[in-house]
Ligand SMILES: Cc1ncc(COP(=O)(O)O)c(C=O)c1O
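Numbering (this note's numbering), first residue to last: -18 to 429.
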């Protein structure tokens, strides 16, 4: 199989598609997160871990639609489940058995997740988890990790994009609006805590105990650099939250794939609530809120109006449920163990290549997640992973080099593996990366 050739950059068909798209979308795309260099690459199809673009070029895919595909593209069991469900009908105003099956699968494998509700995106899951915490505590406020991304709900958007000029003291990060026009009331009820600084995080939770409904923790926050939690950090925050009557929400929208039981189980966190998404839908839109039965009782409408009504026209739609059952069922201990080994191998070989060339990079990650940083020292938090325009230019050059070699590596977010990959694919990635280090010193001289 031939991957894209060097300098086979964005092709004419993608360029033509983008010209059409610019006439109908504000910036030519329907997602701010679509990479463009300088135009997006339009995909025609995906099979396993390979993509084919409109111009017929093939790519090894390390994006996996923002880590939502754990088995790669067009996974046969998902195709079969969705095909059957398509013929049986795509949505009803009634529940289906598929939703019970997926709920049983999730509650059966994730500790502390006893009850669940489905929706259609990770953003919605985070939003309903926060609303559930409010309904359970009667308090409005939300604490979040500086730099962490949790989707599009106003109350969780603050302080994702701080800069050295705006982010304030490390021990008490500034509460920065994400969007123009963000209501002051949102900022007044948000607290931003510094990841891997237990003393400061605990002090901020204690100081705001009266106002805080929840603290939202992503055990390994991807946009904050994918740093691992240092020993004791999550436990200290969890303890402080419990003492202060603050609900602990684990956002595992990305990180559920860290183990069959999820990320909190792996890092010793015992959340009251979870927000899930991505792989749970097997490649179809999904979100889920789960948690302890006592807290999830806020959704219970069996004896009248619940503390938190939650519906949604397409919530628990049978296509997503059927795809989720097929996908999650195949993500078992054996599949996870294999992915874990591939991830370890890839990170070790990328690090060895960096060391051989004395290059100014480091590699973060765990399980099937990988993030390359244009930094010699592995970042511990958002501030350490912060990219100046020079850092961003290096990552753009790396991403372009990899694409020209036929490997999709998102420049600004993480990369991830799928079960469709094997040793051969790890070799392709490592060799393409090593050629970048060996031949493109010009691209990273500015940060060396
Ligand atoms: C940690 C985390 N939470 C929430 C979300 C939002 O999920 P969605 O894009 O499905 O709305 C994302 C999306 O990337 C995420 O990474």
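All C-beta atoms, glycine included, are put in the ideal place defined by N, C-alpha and C.
| said: Given a cut-off of 8 Å on the beta-carbon distance, is the pair residue 398 and residue 320 in contact? | reply: Working through the chain shown from its first residue, we reach residue 398 at position 417. Working through the chain shown from its first residue, we reach residue 320 at position 339. Closer than 8 Å, so yes.
| request: With a threshold of 7 Å, establish whether the CB of residue 131 neighbours any heavy atom of ligand 1. | output: Stepping through the chain shown from its first residue, residue 131 is reached at position 150. Checking the 7 Å criterion, the Cβ of residue 131 is within range of a heavy atom belonging to ligand 1.
| message | Tell me which residues share the same chain as residue 243 and place their Cβ nearer than 6 Å to its Cβ, disregarding the 5 neighbours each side in the sequence. | response | Taking the chain shown and counting its residues from 1, the one referred to as residue 243 is at position 262. Cβ within range, chain order: 91, 233, 237.
| request: Sort 118, 152, 116, 166 by Cα distance to residue 137 and report the nearest one. | output: Here the question's residue 137 lines up with position 156 in the chain shown. Per the Cα distances, 166.
| said: How far does the alpha helix (DSSP H) with residue 140 in it extend, from its first residue to its last? | reply: Counting from one through the chain shown, the residue named residue 140 turns up at place 159. The continuous stretches of alpha helix (DSSP H) do not include residue 140, and DSSP gives it neither H nor E.
| message | Just to confirm the assignment, what range does the beta strand (DSSP E) spanning residue 344 have? | response | To locate residue 344, count along the chain shown from 1; it is residue 363. Counted as a single uninterrupted DSSP element, the beta strand (DSSP E) harbouring residue 344 occupies residues 343 to 347.
| Which one of 221, 100, 180, 99 has the shortest CA to CA distance from residue 191? | Here residue 191 is taken as the residue at index 210 of the chain shown, counted from 1. For the residues 221, 100, 180, 99, the minimum Cα distance to residue 191 belongs to 221.
| query | Regarding residue 396 and ligand 1, is the C-beta to nearest heavy atom distance less than 7 Å? | reply | Locating residue 396 in the chain shown gives position 415, counting from the first residue. For ligand 1, not one heavy atom lies less than 7 Å from the Cβ of residue 396.
| 7 Å Cβ shell around residue 428 - same chain, five flanking residues per side excluded | The residue you call residue 428 lines up with position 447 of the chain shown. When the five nearest sequence neighbours on each side are left out, the beta carbons in the same chain lying within less than 7 Å of the beta carbon of residue 428 are those of 341, 355, 371, 372, 375, in order along the chain.
| query | Contact check, residue 352 vs residue 345 under 8 Å by CB: the rounded distance? | reply | Here residue 352 corresponds to residue number 371 of the chain shown, with the count starting at 1. Here residue 345 corresponds to residue number 364 of the chain shown, with the count starting at 1. The pair is a contact, with the Cβ atoms about 5 Å apart (cut-off 8 Å).
| query | Sorry if obvious, but does the Cβ on residue 255 come closer than 7 Å to a heavy atom of ligand 1? | reply | Position 274 of the chain shown, counting from 1, holds the residue named residue 255. Result no, Cβ not under 7 Å from ligand 1.
| field | Nonlocal neighbours in the same chain, by C-beta distance under 8 Å from residue 154, ignoring five residues either side | value | Counted from its first residue, the chain shown places residue 154 at position 173. Excluding residues within five positions, the ones whose Cβ falls inside 8 Å are 127, 140, 143, 148, 173, 174, 175.
| field | Same chain, Cβ closer than 6 Å to residue 135, neighbours up to 5 away in sequence not counted | value | Within the chain shown, residue 135 is the residue found at index 154, counting from 1. Taken in chain order, the residues that qualify are 167.
| message | For residue 34, list the residues DSSP reports as bridge partners. | response | Here residue 34 corresponds to residue number 53 of the chain shown, with the count starting at 1. Among the bridge pairs identified by DSSP, residue 34 is matched with 24.
| said: Any contact between the segment 406 to 422 and the segment 376 to 391? By contact I mean 3 or more CB pairs, one from each, below 8 Å. | reply: Contact between the segment 406 to 422 and the segment 376 to 391 is present, with at least three C-beta pairs closer than 8 Å.
| query | When the Cα of residue 245 is compared with those of 206, 68, 202, which residue comes out closest? | reply | Locating residue 245 in the chain shown gives position 264, counting from the first residue. Per the Cα distances, 202.
| message | As a quick exercise: from 228, 360, 350, 349, pick the residue whose alpha carbon is nearest that of residue 343. | response | By 1-based counting over the chain shown, the position of residue 343 is 362. Cα-wise, what sits closest to residue 343 is 360.
| message | With a threshold of 7 Å on Cβ separation, who are the neighbours of residue 152 within its own chain once the five nearest residues in sequence on each side are excluded? | response | Here residue 152 corresponds to residue number 171 of the chain shown, with the count starting at 1. Once the five neighbours on either side are set aside, the close Cβ partners of residue 152 are 175, 178, 181.
| said: Spatial neighbours of residue 105 within its chain, please: C-beta separation below 7 Å, excluding the five flanking residues on both sides. | reply: Taking the chain shown and counting its residues from 1, one reaches residue 105 at position 124. 268, listed in sequence order.
| field | CA-to-CA distance, residue 66 to residue 73, given in whole angstroms | value | Looking up residue 73 in the chain shown gives position 92. Looking up residue 66 in the chain shown gives position 85. Distance between the alpha carbons of residue 73 and residue 66 is about 12 Å.
| Of the residues 10, 302, 256, 132, which one's Cα is nearest the Cα of residue 21? | Position 40 of the chain shown, counted from the start, is the residue given in the question as residue 21. The residue with the shortest Cα to Cα distance from residue 21 is 10.
| request: Within its chain, find whatever has a CB closer than 7 Å to the CB of residue 334; leave out the 5 residues flanking it on each side and keep chain order. | output: Position 353 of the chain shown, counting from 1, holds the residue named residue 334. Result list for residue 334: 411, 414, 415, 418, in chain order.
| query | Nearest CA to the CA of residue 39: which residue from 47, 46, 29? | reply | Against the chain shown, residue 39 aligns to sequence position 58. The candidate whose alpha carbon is nearest that of residue 39 is 29.
| field | Touch test, the segment 111 to 124 against the segment 272 to 284, Cβ-Cβ under 8 Å, three pairs minimum | value | Result yes; three or more Cβ-Cβ pairs closer than 8 Å.
| task | Compute the Euclidean distance between the alpha carbons of residue 79 and residue 288, then round it to the nearest angstrom. | result | Translated into the one-based positions of the chain shown, residue 79 becomes position 98. Translated into the one-based positions of the chain shown, residue 288 becomes position 307. Those two C-alpha atoms are separated by around 26 Å.
| query | DSSP three-state call for residue 192: helix, strand or coil? | reply | The residue labelled residue 192 in the question sits at position 211 within the chain shown. Shown here, residue 192 sits in coil according to DSSP, grouped into three states, outside any helix or strand.
| Just to confirm, are residue 395 and residue 207 a CB contact at a threshold of 8 Å? | As a first step, residue 395 is located in the chain shown; it is residue number 414 there, counting from the start. As a first step, residue 207 is located in the chain shown; it is residue number 226 there, counting from the start. In this structure, residue 395 sits near residue 207, with a CB-CB distance shorter than 8 Å.
| Beta-carbon contacts of residue 348 that lie in its chain and below 6 Å, excluding the five residues immediately before and after | By 1-based counting over the chain shown, the position of residue 348 is 367. Only 239, 321, 324 meet the Cβ criterion.
| field | Endpoints, alpha helix (DSSP H) assigned at residue 371 | value | As a position in the chain shown, residue 371 is number 390, starting the count at 1. Its alpha helix (DSSP H) spans residues 370 to 385.
| request: Out of 107, 63, 122, 111, state which residue places its alpha-carbon closest to the alpha-carbon of residue 187. | output: What you label residue 187 is simply residue 206 of the chain shown in a count that begins at 1. In terms of Cα proximity to residue 187, the closest of 107, 63, 122, 111 is 122.
| field | residue 235: CB within 7 Å of a non-hydrogen atom of ligand 1 | value | Counting from 1 along the chain shown, the entry for residue 235 is found at position 254. Yes, since a heavy atom of ligand 1 falls inside the 7 Å radius drawn around the Cβ of residue 235.
| message | Let me check understanding here. Comparing Cα to Cα, which of 307, -9, 36, 94 lies closest to residue 64? | response | Locating residue 64 in the chain shown gives position 83, counting from the first residue. Of the candidates 307, -9, 36, 94, the one whose C-alpha sits nearest the C-alpha of residue 64 is 307.
| field | Three-way DSSP call (helix, strand, coil) for residue 42 in this model | value | Within the chain shown, residue 42 is the residue found at index 61, counting from 1. Strand at residue 42.
| Does the beta-carbon of residue 426 have 16 or more other beta-carbons within 10 angstroms, so that it is buried, or is it exposed? | In the chain shown, residue 426 corresponds to position 445, counting from 1. Flag for residue 426 reads exposed.
| query | What number of angstroms, rounded off, separates the C-alpha of residue -12 from the C-alpha of residue 18? | reply | To locate residue -12, count along the chain shown from 1; it is residue 7. To locate residue 18, count along the chain shown from 1; it is residue 37. Annotation note: pLDDT 48 at residue -12 (below 50); position unreliable, coordinate value reported separately. Going by the C-alpha atoms only, they are around 13 Å apart.
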